[in-house]
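Here is the structure we will look at.
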Amino acid sequence: MVAWRRGMTGLIARARALIGLVMLATLVLLLGCGDLPDSAEILAKPVLPSLRCPACSEALEAIPSADPFAAVVACARDHRFHVLPEGPEAYLSAQAGSFGITVDDGASDRQIIEYWLADPDARRLLNVQLAEILRSIGDARNGRSVADRPRFSSCPYCATALEQFDQPDIWVLGLRCEKGHEFAQRGGRLWASGQGSTERLELRAELSSSELRDLTAGWLEGDRHMDAQLHPSVERVLRRFLTDSEPPSADPADP
Numbered sequence: 009m010v011a012w013r014r015g016m017t018g019l020i021a022r023a024r025a026l027i028g029l030v031m032l033a034t035l036v037l038l039l040g041c042g043d044l045p046d047s048a049e050i051l052a053k054p055v056l057p058s059l060r061c062p063a064c065s066e067a068l069e070a071i072p073s074a075d076p077f078a079a080v081v082a083c084a085r086d087h088r089f090h091v092l093p094e095g096p097e098a099y100l101s102a103q104a105g106s107f108g109i110t111v112d113d114g115a116s117d118r119q120i121i122e123y124w125l126a127d128p129d130a131r132r133l134l135n136v137q138l139a140e141i142l143r144s145i146g147d148a149r150n151g152r153s154v155a156d157r158p159r160f161s162s163c164p165y166c167a168t169a170l171e172q173f174d175q176p177d178i179w180v181l182g183l184r185c186e187k188g189h190e191f192a193q194r195g196g197r198l199w200a201s202g203q204g205s206t207e208r209l210e211l212r213a214e215l216s217s218s219e220l221r222d223l224t225a226g227w228l229e230g231d232r233h234m235d236a237q238l239h240p241s242v243e244r245v246l247r248r249f250l251t252d253s254e255p256p257s258a259d260p261a262d263p
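Under the working numbering, residue 263 is the last one in the sequence shown; the count climbs by one each step, no gaps.
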């Protein structure tokens, strides 16, 4: 089961990387020699409305984050969600693997994570999923462990229960509350689908510790499309995290 889950995680990550490269090629054809969007356009921090926790209906409040360009919120029960900045990180990230980094080779993981998340020139090239992984690794290094990802069971606008409804997109789960707010869910992402929603919203649930390891491993499988987006300094952080977080092997002598 674990091998199947890791295989699916790697397949999804590779598909996203390939889509990013196709988008980059399309952009080049459309713009010719024009300038790519600057960092300010790409990294505008999301401004969130007042929200309730989709897992327990408690109020969500902004909390500090190692990622200055993400809006991270948590409830009193410490269910955490985040919204990433909109922008073309996916197709720009094809340049990240060869980016001229200004962090020393001997930099610590914390310094490398801070650089890639906070430096605008580096961050504008960083794949969205890698940004999520790096922030989560930083949290894990600070002792945070998440057994299960928060579930989406109540409306983040009005806190009433979310119920499944039929809709045409087979790749997402349609969810609607009694007040008519409609959402689409896929994995750990919930976004407003338009009906009954006045704001553009995409909430991402905090990764569980096992999901974080699986996604990290998926980026290290040697896929050439993903490798183009993976700077050697980021790769070092990912490899060290997997080594340090390796679960202990079961002792055959234990009953």
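The C-beta atom is built at its ideal place from N, Cα and C for all residues, glycine as well.
Please report the Cβ distance between D75 and R143, rounded to the nearest whole angstrom; I am assuming they are in contact, meaning their Cβ atoms lie under 8 Å.
Confirmed, Cβ separation roughly 5 Å.
So, is F173 buried or exposed, given that buried needs 16 or more other C-beta atoms within 10 angstroms?
Of the other Cβ atoms in all chains shown, fewer than 16 fall within 10 Å of the Cβ of F173; this residue is therefore exposed.
Distance, S241 Cα to R247 Cα
Here the alpha carbons of S241 and R247 stand approximately 10 Å from one another.
Just the Cα atoms here: how many angstroms apart are G42 and R132?
Confidence in G42 is poor, its pLDDT being 40 and thus under 50, which makes the residue's placement too unreliable to answer from.
Based on Cα-Cα distance, which residue from I120, S116 and S101 lies nearest to I109?
Comparing Cα-Cα distances from I109 to each of I120, S116 and S101, the minimum goes to I120.
With DSSP run on the structure shown, which of helix, strand or coil describes A67?
Here A67 sits in strand by DSSP.
Terminal residues of the alpha helix (DSSP H) in which V242 lies:
Per DSSP, V242 belongs to the alpha helix (DSSP H) from P240 to D252.
Would you identify the three-state DSSP class for M31, choosing helix, strand or coil?
Because the pLDDT of M31 is 44, which lies under 50, any placement of that residue in the model is unreliable, and the number read from its coordinates should be weighed accordingly. Three-state DSSP puts M31 in a helix.
Is G28 buried or exposed, if buried means 16 or more other CB atoms sit within 10 Å of its CB?
In this prediction, G28 has a pLDDT of 48, which is less than 50 and means its spatial position is unreliable; what the coordinates show is noted afterwards. G28 should be labelled buried.
Rounded straight-line distance, which links the Cα of P57 to that of F77:
Straight-line spacing of the CA atoms in F77 and P57 works out to 17 Å.
Which of helix, strand or coil does DSSP assign to H87?
Reduced to three states, the DSSP call for H87 is coil.
Determine which residues share a DSSP beta bridge with S162 and list them.
According to DSSP, residue pairing for S162 in a beta bridge involves A169.
Can you tell me whether P72 sits near the ligand NAP, meaning its C-beta is under 7 Å from at least one heavy atom of the ligand?
The ligand NAP is not part of the structure shown, which contains no ligands of any sort.
Supposed contact pair P158 and H239 - C-beta distance, whole angstroms, cut 8 Å:
In this structure, H239 and P158 do not form a Cβ contact; the two beta carbons are roughly 30 Å apart against a cut-off of 8 Å.
Own chain residues within Cβ distance below 7 Å of L134, not counting five before or after
Hits under 7 Å: E97, S101, A104 and W124.
Rounded C-alpha distance that separates L39 from F107
In this prediction, L39 scores a pLDDT of 35, lower than 50, which makes its location untrustworthy; the coordinate-derived value is nonetheless stated afterwards. The straight-line gap from Cα to Cα measures roughly 22 Å.
Going by the CB atoms, is the gap between R184 and L170 shorter than 8 Å?
Yes, the pair counts as a contact, with Cβ atoms nearer than the cut-off.
Could you tell me the alpha carbon to alpha carbon distance between A213 and P255, rounded to whole angstroms?
A213 and P255: Cα-Cα distance of roughly 23 Å.
Where does A102 fall in DSSP's three states?
If DSSP states are grouped into helix, strand and coil, A102 belongs with the helices.
N- and C-terminal bounds of the beta strand (DSSP E) containing W199:
That run of the beta strand (DSSP E) goes R197 to A200.
Classify L56 as helix, strand or coil using the three-state DSSP reduction.
Here DSSP, grouped into helix, strand and coil, assigns L56 to coil.
For G108, report the span of its beta strand (DSSP E) as first-last.
Segment: none, G108 is in no beta strand (DSSP E) and carries neither H nor E.
Using the Cα positions of L51 and P128, report the straight-line distance between them to the nearest angstrom.
Taken atom to atom, the span from the alpha-carbon of L51 to that of P128 is near 8 Å.
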